[in-house]
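Chains as they are written, first to last, in the working numbering: chain L, 37 to 388; chain C, 36 to 321; chain A, 184 to 561; chain W, 55 to 315; chain E, 688 to 921.
In this text, a Cβ means the ideal position worked out from N, Cα and C, and glycines have one as well.
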Ligand SMILES: Nc1ncnc2c1ncn2[C@@H]1O[C@H](COP(=O)(O)OP(=O)(O)OP(=O)(O)O)[C@@H](O)[C@H]1O
Ligand SMILES: Nc1ncnc2c1ncn2[C@@H]1O[C@H](COP(=O)(O)OP(=O)(O)OP(=O)(O)O)[C@@H](O)[C@H]1O
Ligand SMILES: [Mg+2]
Ligand SMILES: [Mg+2]
């Protein structure tokens, strides 16, 4: 029987596990080297760049951590859970309040992470009955409720007025370098955690649940358990990111964690490439750096941001990470190679 | 009390109309359109310019509604079509990018200070049994209902079925002879028109600005959810209910809890009725 | 704060023999863009004027203005960029209200002076000098005024953010001064929301003799419409930021409903015949950008003029230590510009609130008119 | 293996959708080896499978797997008791490779929990290794060894059905329910399927219930077949006899068929 | 000649599946296509219905080159299809699915109802279920619905990808007679099949192998002779 050799170009997030395809391995090794170099450079950064650049880097890494979680939920498990910003806030406030109460910052990280993971499961619970947009709205609502609670609980949280964050420092290191190192380490760990989760059994089962829904039950998969685990993991990472974010901002208040945070978070997931492993990294960098980069465009910056976003999608519907693949299969590249053809028929998959 | 109810129904009508706009596009193009509020906003701003330009009020209204329709169709033709084959996520993100861009564009052209669409009846009140009732409220509620009925009627035809077919599987729909392109253009057009109507009505009784779109779109989506993203009537009812809940909370609990509580009410509705106010068409999946 | 002292010794950034770089982060886009453009205008107008006159001690003023779109996290990022990347000497009249507190620890670390930030709380930092009455003291002055008018039933609407916080603070401090006064209704509105109808309904129900607002100018406009449309004509107060006193930002949208709006004044109203204001108006009319003639413009114009005056007095030693010394010396020899109350900073504690008198203006016939001259809360 | 013991047994199962009674007191048992389940379109065959595998709750009656009652259990619980199934229209994850699609079916081989897996503990790694090995062997048995790395969505429906069978087998079920596995298969593929399945039961003594409209296949594989008609079992026995029954001919085969053979 | 396919190539992405396929169908003919799994039969169908583009060669219908004509236009020309996997719209009711079939020929009212009744006469199983969700139908019932829908389009050339898919023997038998009758009404058929009985109704048979023409013979000859053919049939 004849079959295809090059991977498909289906648009909706195509989570890619290493399907044992030989070429992937070779590229994998290359990627690994690149990654090691990148991390090394990042560790050296504080000694090379000024505090502003360090801050931007730091911010990017924080968003990488949170997006790793969000992508796992949205891109892999296919559940559009919109409480991510709120869980992020839980991390920020939880850590800030605990630190104020004398708990060492580094200790607060695992604490808020576990707390948020639990909370995320509660928030995800409507997933018993709801999916798709219904779940999206339900989780959005619960998220809003959390923010509202943070506002009302003024005695502890400072309410709408916000609260100062006691900044943690490694003795002898000035500025935000201390947090930066923590963020960097956490980000790397988070990446490998998520990677391990997704390239293995967990990842492929998540995709099964996403595609087959209840039908995956016949494979012995407890659908609800996987859906909720996805929520837990995303909350876990969101909270860690939030804790670090609080250290970065040094002053937090509820309005920071509303829609104006949630939308960029979604953008990071999708621009990077929902359901890919590197997507969150690329997406976070895209979102943060772009804003800084457009700073000098004045009135035009907001519009430029929107347009670049639209272009990115129009050109790379699979997200920035699909760049390589798209290039390999695109018309133009195809034309150059011998029997290259427009990839039109693709949309059919199989009709019906 | 009566005041609260009226304000509720008024706001509810805006939400309901926007929800309808979202559902209509959802039906045909299967896109959750986050740019809907901005589309309506652009149209309304154009309208206010015409309105202020000493042109007849009704001319301004027509311009607004057509503006919304035209803009929406243009978006469909230029941006959405080519992405259709790539599934939900790119389309969704495209609408987000679009909303950001349009919002910024409005700011660029007309500035960020809020404005209103002065209607002959704006700001005029009449009293019934000791209650002051604003004409704007009455008009909004009436027009909202009319709009809902109109659309529902429009989709009762076989067009409705065709649209759902396209939404479910574009390729197969075309195979059986459905002109998917024409349909999605219609849907976007109608959607844009309703969205324009929603924002215009809002601008007639209060102020709209580049940042009023944000909350409107969410309420719109909530309304759409109440309608299960298919039922137009359900969406309309959902929108009105949402408005009333939200105003009641504002009046008797706190103006800041409105949003959260209104949304929570929806969660409860959803948990009780997972498909919202629809006769839940449960799919046989095995 | 260790950083301040440390930074003071060595030569400060942003000054050469020919130029001095000054920065600010402003909401040039987004929800507060109208105010932001006014603030920008004032700084540019002042800078041009100073430079035309040969600069400060021969140093041309170079402005670095960043947009924060009113997003707090952007404010934090921008301040870091201004200090570490653009290497500014000082921040003059930065806005971005609620984000600013997130930068204090960083400011303290770098010792960068922050001269006349637009309406934040008072952080009591060596580096920060407040040049205009805080929101809190404006509201206090308004309460005194209402008391003087013999109003006893007050309605309050506050936003659930720092605006609301300063309202609460003002009420707790000032209401006891006037035992006869009571709050008949206190409503809270959602930040950034355009839905104030339920708040308005409740206020009308309580029918107060006067109303105090602590909201953004969109909500001020909406509330005014809501009240006036339903025939409620009682006086309504909002602080300089909310009322856009002297400018169009709130009364523009409110239209006819703005009649009788009382605005807190941090600077003189733009329309008075005060010669210094007239002088500014002359320059503002030539300004090419947006919002040149708004009250926000006059405010930042004054801040930068005052800054120039201060640096002039510093002479050759541009060190931050000297900056602090000269600034805290203003008690003896204030800077008086006419358009704003005299600037008389002193040492901490308390001394960095260089101005606490606020005036009141009212909208009559669509025009801002002075209602009560600058004075401190009782 | 005790060939007489019934691995799965339905007694008087009833199921109605709205007004229409789809299963009207179905009773039948399957022993190790192949059992055919045939009948007109809409007779209730697939519904039977859905009841057994826990997707539908019967209005009345009992379903036993081995000697355990399964009515009321969730699908995944039933599956973990050793009941695997395929679907009438193949349900693979189009974007995943064939191997990954199959591996998903290996849930019963995993002892380690999520945490152990996330931490990459040895137990988890061993589990993974074991399933991969089994999956490879199975794919080989069904002649799919060389396409394991390719995207499942790109195979013709016929091939997808075979992949689904392999996925179902990976859990080493005691009971395997196949819903029209041969529909859309060409002659070659049918042979592949038959050999694969024969080899499997030979070793394991799994009870395999096959729904098929391809009676050649039924006759080839099944010593016994049950005929379902309007929710009732109207015949049970060796295919030859069953297919000679006039009622069956009338309701299911049609005159043309008899002539055709 | 109603359908004429001249040395066409097509495929997916950059994978060519059909190499220089040629075939033709005369007005009123019933032609079957055989071939092992994965040989490209469905791909051929997709090509003819315009879902896949022609890379090289030419497809002409009723003398006119189809070129890049869109699927919906082809449907309007009377080129109807029962796709592999049926393509039933699960979110629609049975009735709505049926009526969709008539969209291409823009009919409505009495005319439409008449067609409906005629088609439902062929598939009485569906008649009682018009208001039910199509997803509730059994596999075979969905196959019937798919065919019924295709007939609603008043096809001139009907492309059928596996007519017998999931259908009980009796129904299959009946359908072949239906096919014969329809041919009398002037409908032309191109049928992909795996069952021998198909050859009994068809006039000619093409055999594809690895995306190439293998042979083209009158069905009657093949039926009892060629063992090669036997290996594809069941
Ligand atoms: N969820 C449901 N809702 C309503 N009716 C249903 C549902 N599921 C099945 N039915 C009906 O029950 C009957 C039996 O369906 P089932 O799928 O079991 O038939 P089947 O024997 O598998 O037929 P086929 O051989 O065509 O697959 C059919 O008439 C079908 O329409
Ligand atoms: N969407 C697709 N993307 C890539 N390759 C595909 C796609 N669909 C089919 N193919 C490949 O094209 C070849 C022909 O497939 P096709 O479905 O036409 O075979 P077929 O003759 O219809 O097989 P069957 O008899 O099983 O239906 C197969 O090798 C298949 O792998
Ligand atoms: Mg079935
Ligand atoms: Mg095929």
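Where the alpha helix (DSSP H) containing residue i begins and where it ends
i, result
"residue 777 of chain E", "Residue 777 of chain E -> no alpha helix (DSSP H), and no H or E assigned at all."
"residue 747 of chain E", "Note, residue 747 of chain E: premise wrong, no alpha helix (DSSP H); beta strand (DSSP E) at 743–748."
"residue 102 of chain L", "87–107"
"residue 319 of chain A", "318–332"
"residue 547 of chain A", "Premise fails: residue 547 of chain A lies in the beta strand (DSSP E), 541–547, not in any alpha helix (DSSP H)."
"residue 395 of chain A", "No alpha helix (DSSP H) holds residue 395 of chain A; the beta strand (DSSP E) holding it covers 393–397."
"residue 231 of chain L", "213–235"
"residue 9 of chain C", "Outside the modelled stretch of chain C, which goes from 36 to 321, sits residue 9 of chain C, for which no answer is possible."
"residue 102 of chain W", "99–106"
"residue 153 of chain C", "First-last for residue 153 of chain C: undefined, no H or E at that position."
"residue 331 of chain L", "Premise fails: residue 331 of chain L is in no alpha helix (DSSP H) and is neither H nor E."
Cβ neighbour criterion (16 or more within 10 Å) applied to residue i
i, result
"residue 577 of chain A", "Any answer about residue 577 of chain A is impossible in this case: the structure gives chain A only from 184 up to 561."
"residue 219 of chain C", "buried"
"residue 67 of chain L", "exposed"
"residue 864 of chain E", "exposed"
"residue 367 of chain L", "In this prediction, residue 367 of chain L scores a pLDDT of 43, lower than 50, which makes its location untrustworthy; the coordinate-derived value is nonetheless stated afterwards. Classification of residue 367 of chain L: exposed, given that the 10 Å Cβ count is below 16."
"residue 353 of chain L", "buried"
"residue 221 of chain L", "exposed"
"residue 349 of chain A", "buried"
"residue 93 of chain C", "exposed"
"residue 87 of chain W", "buried"
"residue 58 of chain L", "Note that residue 58 of chain L scores a pLDDT of 40, beneath 50, so its modelled location is shaky; the value from the coordinates is reported in the next line. So residue 58 of chain L counts as exposed."
Expected contact under 8 Å - CB spacing of residue i and residue j to nearest Å
i, j, result
"residue 301 of chain A", "residue 278 of chain A", "4 Å"
"residue 204 of chain A", "residue 245 of chain A", "5 Å"
"residue 787 of chain E", "residue 213 of chain C", "7 Å"
"residue 910 of chain E", "residue 886 of chain E", "5 Å"
Opening and closing residue of the beta strand (DSSP E) in which residue i lies
i, result
"residue 554 of chain A", "550–558"
"residue 78 of chain W", "74–84"
"residue 905 of chain E", "899–905"
"residue 448 of chain A", "444–448"
"residue 893 of chain E", "891–896"
"residue 71 of chain W", "62–71"
"residue 262 of chain W", "261–265"
### Query
Where in the segment 133–191 of chain W do unbroken runs of the alpha helix (DSSP H), each at least 4 residues long, occur, reported from the N-terminal end onward?
Entirely contained in the segment 133–191 of chain W, the alpha helix (DSSP H) runs reaching 4 residues are, in chain order, 152–157 and 168–172.
#### Entry: Residues with C-beta closer than 7 Å to any heavy atom of ligand 3, in chain order
Answer in sequence order: W:99, W:100, W:142, W:233, W:234, W:265, E:825, E:826 and E:827.
### Message
Quick check for students: name the residue ranges of the alpha helix (DSSP H) that lie wholly in the segment 225–293 of chain A, counting only runs of 4 or more.
### Response
The DSSP assignment places 255–263 and 287–293 as complete runs of the alpha helix (DSSP H) inside the segment 225–293 of chain A, in order along the chain (cut-off: 4 residues).
### Task
Enumerate, from N- to C-terminal direction, the unbroken beta strand (DSSP E) stretches of 3 or more residues contained entirely within the segment 695–764 of chain E.
Qualifying beta strand (DSSP E) stretches, in chain order: 702–712, 717–721 and 743–748.
### Runs of alpha helix (DSSP H) wholly within the segment 243–323 of chain L (minimum 4 residues, chain order)
Complete alpha helix (DSSP H) runs here, min 4: 259–285 and 295–308.
### Query
Which runs of the alpha helix (DSSP H) spanning at least 4 residues fall entirely within the segment 340–387 of chain A, listed in chain order?
Taking only runs of at least 4 residues, the alpha helix (DSSP H) segments lying wholly in the segment 340–387 of chain A are 345–357.
### Minimum length 3: unbroken beta strand (DSSP E) runs contained in the segment 195–221 of chain A
You should have 202–209.
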